[in-house]
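Chemist: Chains as they are written, first to last, in our numbering: chain D, 949 to 1186; chain U, 949 to 1186; chain E, 949 to 1186.
Think of the CB as a built atom: it goes at the ideal place given N, C-alpha and C, for glycine as much as any other residue.
Every value quoted in this text rests on a predicted model; they were computed, and no experiment measured them.
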Amino acid sequence: MEIHPTAQVAQGAQLDGVAVGPFAIVHAGVRIGPGSKIGAYCEIGHPTAGEASGLVIGANANIRSHSVIYQGAEIGEGLATGHRVVIRERSLIGRNAQIGSNADIQGDCRLGDFFRSQSNIFIAKGSRVGDFVWMLPYAVLTNDPSPPSELTVGCEIGDYAVLSAGAMVLPGVKVGAHAVIAAQSLVSRDVPAGMLVMGTPARVVGPADERRLPDGSGRAAYPWPGHFRRGYPPGTFD
Amino acid sequence: MEIHPTAQVAQGAQLDGVAVGPFAIVHAGVRIGPGSKIGAYCEIGHPTAGEASGLVIGANANIRSHSVIYQGAEIGEGLATGHRVVIRERSLIGRNAQIGSNADIQGDCRLGDFFRSQSNIFIAKGSRVGDFVWMLPYAVLTNDPSPPSELTVGCEIGDYAVLSAGAMVLPGVKVGAHAVIAAQSLVSRDVPAGMLVMGTPARVVGPADERRLPDGSGRAAYPWPGHFRRGYPPGTFD
Amino acid sequence: MEIHPTAQVAQGAQLDGVAVGPFAIVHAGVRIGPGSKIGAYCEIGHPTAGEASGLVIGANANIRSHSVIYQGAEIGEGLATGHRVVIRERSLIGRNAQIGSNADIQGDCRLGDFFRSQSNIFIAKGSRVGDFVWMLPYAVLTNDPSPPSELTVGCEIGDYAVLSAGAMVLPGVKVGAHAVIAAQSLVSRDVPAGMLVMGTPARVVGPADERRLPDGSGRAAYPWPGHFRRGYPPGTFD
């Protein structure tokens, strides 16, 4: 693996088997597992004013260009990001996360294993996101019920839940496992597990597993692992 | 024209008459027409995991800083981008496109001639966008009717259509020529040509050409080429 | 203070007591006050096609990475930006502004003192924003009532107003001082001072000062300086 000659890598950064692209910056205290790639113009291990220090990213990460990851985050193996992602301090992210371009993950939050997002998502401080969650473009998790205030409270998103494009979850709302939020919905109340909600404010439409795929096959659209397994390691859902 | 000494230009990139800014990266297989400018921190010809190769950008392009354009795109002359645009593989974009900052064009899509967008638009894979289309800030074209699935289907946007700020078009929806989508509308059904639609979900308000400009002149606001021609070459609409 | 050896600083830029990070670019005609920091990959004093020239940024600015600020802006002391902010020409910004990541400030606008935003806000040309205003993620100020047209008209946002996440203000709308716009609302009519509005289109819910904080204390949530003063200099609200 190769450190590009234009990259700025601090002494003390642990990068065995890591490729670092042109003009990338890696600060001291960063430890990244083998097989990883850091794209051009990334700043990894960005200092923070808080108490965080160090940054651990697991093996086989692919961090695309113009991304910024702060000190004090801990990220499991298999991370893949789009371009221009920001991950702030004290974010704990599980294995095999895929985070789309322009995502803004504000810190002090947890994302489970196999998190998937498309571009332009926003995750406020204090959010708790389970395993296998999907966030489509412009899905937003908020945390301040009466902004600005000191009373922020993060959302909780259950395993396998899907937040469609433009969906916004209000502070402290709990979205149950396998729930589905329709596009551009504003979720102001807790969503029971397995339910599809829609609208502004979002209301329950019915069980998500009653939705059929639009291919005439009659197959259920949800739970989605019944038909969608692209990009997951073999055996993940068995 | 000048290649900045800090730029990283691969052998084999064809850049006759092209200015390349500080810290920009141009990969092999890229061909850009004369009179073009590549801004600082751009990565042009980004490799892709797919089958795409090469990248052709026509003459007189102005690609602003921090943008990323993938291999396998084909873009006509006169491209102008804002900052931090991403254009993914196999995007076919016509002449004189102007694409605002932070736009995310996901690949495998077609944009016609004289496309115009402001910042923060999102165009999902498989979208088909006609000539002279306008997308205002945060307008979004989606493609997955039951995310996540393998059944993505792009939107079709007709010539001269206008998508106002925050408008979202659901997967597979067809928006007719000269149609106008009001701000923050959620377009879940096809929109007939020339109609104005509004709301969540969007409903037809009436013919767009019944809307008057707000200057008291009595002139029709649509079709917009009747009053707005700034930035188009003389004779474009004659 | 230090200019990183990889930075590109033009002769004539006035940077006494300013730290400039790796790969940053500072153009001629830029004047930045002492105690300021320019992050990596920033381009400060970006040329503009218009008549603007020069760029003045007050003391103690902290401009985070990948940001672009154009010639012709004037910004007071104490600016703090997130990553990847764009500030276009002829923007006048007061003291102690804090602008979140990915913000797009389009130029020819005014922002008062102590402006605060979180990430991904959009401020259209011609906007007028008062002192102590808050904009939460994805809040948007528009300016074209019948896009595209030459009849753009900016919004006016009064002192201490709060625009919650995803709120969009339509062109020319005036939002009164201390007004509060609920999340994802579409504001199509003027909002009286001190009122809370909500919905699509937004309607008046009642006086904002009737809202209580959600901590059971019975304290009013608005005007917010009654309970929230973090990050403001001592005595600001006395």
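What residue range is occupied by the uninterrupted beta strand (DSSP E) comprising residue 1192 of chain E?
Modeler: What is shown of chain E runs 949 to 1186, which leaves residue 1192 of chain E out entirely.
Chemist: So which residues of chain U does residue 1031 of chain D contact, with C-beta pairs closer than 7 angstroms?
Modeler: 1016, 1034, listed in chain order.
Chemist: Going residue by residue through the stretch 983-1055 of chain U, where are the continuous alpha helix (DSSP H) segments of at least 4 residues, counting only ones entirely within it?
Modeler: If we require 4 residues or more, the stretch 983-1055 of chain U turns out to have no alpha helix (DSSP H) run fully inside it.
Chemist: Please name the residue, chosen from E/998, E/1036, E/1020, E/1079, that lies closest to residue 1123 of chain E on a Cα-to-Cα basis.
Modeler: Of the candidates E/998, E/1036, E/1020, E/1079, the one whose C-alpha sits nearest the C-alpha of residue 1123 of chain E is E/1079.
Chemist: Where residue 1049 of chain D and residue 1166 of chain U are concerned, what is the direct C-alpha to C-alpha distance, given to the nearest angstrom?
Modeler: Taking the straight line joining both Cα atoms gives about 44 angstroms.
Chemist: From residue 1118 of chain E to residue 989 of chain D, what distance separates their C-alpha atoms?
Modeler: Their backbone Cα atoms lie some 36 angstroms apart in a straight line.
Chemist: List the DSSP bridge partners of residue 1104 of chain E.
Modeler: According to DSSP, residue 1104 of chain E bridges with E/1076, E/1122.
Chemist: Ignore the nearest five residues each way along the sequence and tell me which others in residue 1037 of chain D's own chain have a CB closer than 7 angstroms to its CB.
Modeler: Once the five neighbours on either side are set aside, the close Cβ partners of residue 1037 of chain D are 996, 998, 1000, 1018, 1019, 1020, 1021, 1055.
Chemist: Beta carbons nearer than 7 angstroms to chain D: which residues of the stretch 1102-1125 of chain E have them?
Modeler: Those residues of the stretch 1102-1125 of chain E that come within reach of chain D (Cβ to Cβ, closer than 7 angstroms) are 1110, 1112, 1113, 1114.
Chemist: Look up residue 977 of chain U in the DSSP assignment and say whether it is helix, strand or coil.
Modeler: Three-state DSSP puts residue 977 of chain U in coil, outside helix and strand.
Chemist: Under 8 angstroms by Cβ, that's how I've got residue 1100 of chain U and residue 1074 of chain U pegged, so tell me the actual separation to the nearest angstrom.
Modeler: Yes, they are in contact, since the Cβ atoms of residue 1100 of chain U and residue 1074 of chain U sit about 6 angstroms apart, within 8 angstroms.
Chemist: Taking only the alpha-carbon atoms, compute the straight-line gap between residue 1052 of chain D and residue 1072 of chain U and give it to the nearest angstrom.
Modeler: Spanning the two alpha carbons is a distance of roughly 20 angstroms.
Chemist: Looking at chain U, which residues of the stretch 1070-1088 of chain E have a Cβ within less than 7 angstroms of any of its Cβ atoms?
Modeler: Those residues of the stretch 1070-1088 of chain E that come within reach of chain U (Cβ to Cβ, closer than 7 angstroms) are 1070, 1088.
Chemist: Terminal residues of the continuous beta strand (DSSP E) containing residue 1154 of chain E?
Modeler: From DSSP, the beta strand (DSSP E) with residue 1154 of chain E extends over 1151-1155.
Chemist: Out of E/1148, E/1120, E/1131, E/1093, point me to the one whose CA is closest to residue 1128 of chain U's CA.
Modeler: The option with the nearest alpha carbon to residue 1128 of chain U is E/1093.
Chemist: Could you name the residues of the stretch 980-1001 of chain U whose beta carbon sits closer than 9 angstroms to any beta carbon of chain D, in the order they occur along the chain?
Modeler: Residues passing the 9 angstroms Cβ filter: 989, 991, 994.
Chemist: Which residues of the stretch 1036-1061 of chain D have a Cβ closer than 7 angstroms to any Cβ of chain U? Give them in chain order.
Modeler: Those residues of the stretch 1036-1061 of chain D that come within reach of chain U (Cβ to Cβ, closer than 7 angstroms) are 1049, 1050.
Chemist: For residue 1113 of chain D, count the other beta carbons within 10 Å of its own beta carbon; 16 or more makes it buried, fewer makes it exposed. Which is it?
Modeler: It counts as buried.
Chemist: Per DSSP, which residues does residue 1064 of chain U bridge with? Please list them.
Modeler: U/1046, U/1082, per the DSSP bridge assignment.
Chemist: Using a beta-carbon distance cut-off of less than 8 angstroms, what residues from the stretch 1126-1153 of chain E approach chain D?
Modeler: Those residues of the stretch 1126-1153 of chain E that come within reach of chain D (Cβ to Cβ, closer than 8 angstroms) are 1131, 1132, 1147, 1148.
Chemist: Taking residue 1185 of chain D as the query, report the chain E residues whose CB atoms sit under 7 angstroms from its CB, ordered along the chain.
Modeler: Ordered by position in chain E, no residue passes the 7 angstroms Cβ test against residue 1185 of chain D, which lies about 33 angstroms from the chain.
Chemist: From residue 1066 of chain D to residue 1010 of chain D, what does the alpha carbon distance come to, in whole angstroms?
Modeler: Cα to Cα, residue 1066 of chain D sits roughly 15 angstroms from residue 1010 of chain D.
Chemist: For residue 973 of chain D, decide whether its Cβ has a neighbour in chain E, counting only Cβ atoms nearer than 8 angstroms.
Modeler: Chain E contact via Cβ: present.
Chemist: I'd like the list of long-range same chain contacts for residue 1087 of chain E, defined as Cβ closer than 6 angstroms, with 5 residues on each side in sequence excluded.
Modeler: Result list for residue 1087 of chain E: 1069, 1111, 1115, in chain order.
Chemist: Quick one, which of D/956, D/973, D/971, D/985 has its alpha-carbon nearest residue 964 of chain D's?
Modeler: Comparing Cα-Cα distances from residue 964 of chain D to each of D/956, D/973, D/971, D/985, the minimum goes to D/985.
Chemist: Using alpha carbons as the reference points, say which of U/973, U/1013, U/961 lies closest to residue 953 of chain U.
Modeler: Cα-wise, what sits closest to residue 953 of chain U is U/973.
Chemist: Apart from the five residues just before and just after residue 1160 of chain D, which ones in its own chain have a Cβ nearer than 8 angstroms to its Cβ?
Modeler: Here the set comprises 1166, 1167, 1168, 1169.
Chemist: By Cβ distance, which residues of its chain are closer than 7 angstroms to residue 1146 of chain U, with the 5 residues on each side in sequence left out?
Modeler: Contacts found: 1130, 1133, 1153.
Chemist: For residue 958 of chain E, count neighbouring Cβ atoms within 10 angstroms of its own Cβ and tell me buried if that reaches 16, exposed if not.
Modeler: Residue 958 of chain E is exposed by the Cβ-count criterion.
Chemist: Name the residue from D/967, D/1084, D/1096, D/971 whose alpha carbon lies nearest to the alpha carbon of residue 1097 of chain U.
Modeler: Closest option to residue 1097 of chain U, Cα to Cα, is D/1084.
Chemist: Of all the CB atoms in chain U, is at least one closer than 8 angstroms to the CB of residue 1065 of chain E?
Modeler: Answer no: the Cβ-Cβ gap between residue 1065 of chain E and chain U never drops below 8 angstroms.
Chemist: Please return the same chain residues whose Cβ sits closer than 6 angstroms to the Cβ of residue 1064 of chain U, not counting the five positions on each side in sequence.
Modeler: 1046, 1082.
Chemist: Among all the DSSP beta bridges, which residues are the ones paired with residue 963 of chain E?
Modeler: Answer by DSSP bridge pairing: none, since residue 963 of chain E is not bridged.
Chemist: Kindly identify the DSSP beta-bridge partner or partners of residue 1129 of chain U.
Modeler: Looking at the DSSP assignment, residue 1129 of chain U forms a beta bridge with U/1111, U/1145.
Chemist: Which chain E residues sit within Cβ distance under 9 angstroms of residue 1100 of chain D?
Modeler: Correct list: empty, because the minimum Cβ distance to chain E is about 10 angstroms.
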